[in-house]
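A.B. asks: Chains as they are written, first to last, in this note's numbering: chain A, 28 to 361; chain B, 417 to 482.
Note that beta-carbon positions come from the ideal geometry of N, C-alpha and C, so glycine has one too.
These figures come from a predicted structure and were not determined experimentally.
One structure follows; several queries about it will come next.
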């Protein structure tokens, strides 16, 4: 396997591009894809201040590294979700990454500052944990960007993420969400601009980028996300991609080219007001985040549960073809 | 050969040498859904792994509701 550019030994193949790359040219490829997205979708310009929503996972650390390396001014914001050892580990990856590079990191802890955590919020609201998690992060990233005077919030959504979300929204024709599924959302009604510079890169590429750049990240899956619909959609699309390389990119970029303009990107603008408690945009008198704080007030903290889905057990231990199987669990998950 | 697996993290000992393709078939994982890592770098699909190697099969799929 040889590098498409220099013909030296390749370390990764990207089937949808029918291309192999060595380490140096793969890193260059990733930067070029981000630069292309920034230019094509008019995401940001040099000199603007940006805030990256960082989780400790591969995508957010990779996009922070790429934008910083490209010369952009990018600070990080990490939200401690209170998901036991998983959150503690994730926060550690983020702080080490920022410290090693001398980057500014803002940290908000849900339990310390707002009196709840994601497991408790999920139990109180009787909804999936990803719901309270997403609501909290969206609110806090938006508020921090506005209060801090940042020009845009950067998220690490990659091609696989966007294709999976699109697949889910198309399945149920969620027109309000379809209209907002763009690589850039302009600032509006108290919301900051949001950009997704990784939309041309798959998540295998982002994991490879981190390995090759020496970026340590949270490899373990969130114990509360196991088996959720987003992951199921990714499995469906990956099965398609395996037999038809490029299917995900064709699906997502075809949507942007042919269909996204048919959907309103700001369907709720006319009804948005201001939260009487925190001043954030709200569809009623009190925003969803402040209502969540109210509902969880005084609730007993709920411990993190182990995943029970069969999906969490992959990859499997070897079958009879392997000898001397000697598995040990290091207790990484919470 | 020591093989580190994830979700949950654990180690398995298997006999080598073995190709990357054969290793992934043994663990029933699609090549597109993982990286194979040896000594801090990626191992391409056509590489041969030695009996004395320590390798990690790292899943790359992640995500919540966002």
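#1: With 7 angstroms as the C-beta to C-beta threshold (strictly closer), list the residues of the region 260-294 of chain A near chain B in chain order.
#2: Compute the Euclidean distance between the alpha carbons of residue 326 of chain A and residue 172 of chain A, then round it to the nearest angstrom.
#3: Would you check if the distance between the CB atom of residue 78 of chain A and the CB atom of residue 106 of chain A is smaller than 8 angstroms?
#4: If distances are taken between C-alpha atoms only, which option among A:74, A:30, A:186 and A:321 comes closest to residue 278 of chain A?
#5: Quick check: does the Cβ of residue 440 of chain B come within less than 7 angstroms of any heavy atom belonging to the ligand GTP?
#6: Hey, residue 150 of chain A and residue 329 of chain A: beta-carbon distance below 8 angstroms or not?
#7: Can you find a C-beta in chain A that's less than 8 angstroms from the C-beta of residue 432 of chain B?
#8: If you run the structure through DSSP and keep just helix, strand and coil, what is residue 327 of chain A?
#9: Is there a Cβ from chain A that is less than 8 angstroms from the Cβ of residue 457 of chain B?
#10: Quick one: is residue 478 of chain B buried, meaning 16 or more other Cβ sit within 10 Å of its Cβ, or exposed?
#11: Look up residue 152 of chain A in the DSSP assignment and say whether it is helix, strand or coil.
#12: Count the other CB atoms, across all protein chains shown, that sit within 10 Å of the CB of residue 475 of chain B; report buried if there are 16 or more and exposed otherwise.
#13: By DSSP's criteria, residue 129 of chain A is part of a beta bridge. Which residues make up the other side?
#14: Residues of chain B with CB under 8 angstroms from residue 84 of chain A, in chain order?
#15: Just how far apart, CA to CA, sit residue 460 of chain B and residue 53 of chain A?
#16: Below 8 angstroms on the Cβ atoms is my guess for residue 452 of chain B versus residue 458 of chain B; work out the distance and round it to an integer in Å.
#17: With 8 angstroms set as the bound, which would you pick, yes or no: does the beta-carbon of residue 466 of chain B sit closer than that to a beta-carbon of chain A?
#18: In the region 62-86 of chain A, which residue ranges form an unbroken beta strand (DSSP E) of at least 3 residues, counting only runs that do not cross its ends?
C.D. replies: So, from the data block:
#1: 261, 265, 268 and 269
#2: 29 angstroms
#3: no
#4: Comparing Cα positions, the closest option is A:186.
#5: By its list of ligands, the structure shown contains no ligand whatsoever, and the ligand GTP lies outside what it can speak to.
#6: yes
#7: no
#8: Reduced to three states, the DSSP call for residue 327 of chain A is coil.
#9: yes
#10: buried
#11: Shown here, residue 152 of chain A sits in a helix according to DSSP, grouped into three states.
#12: buried
#13: Residue 129 of chain A is not bridged to any residue.
#14: 478
#15: 13 angstroms
#16: 7 angstroms
#17: no
#18: 76-80
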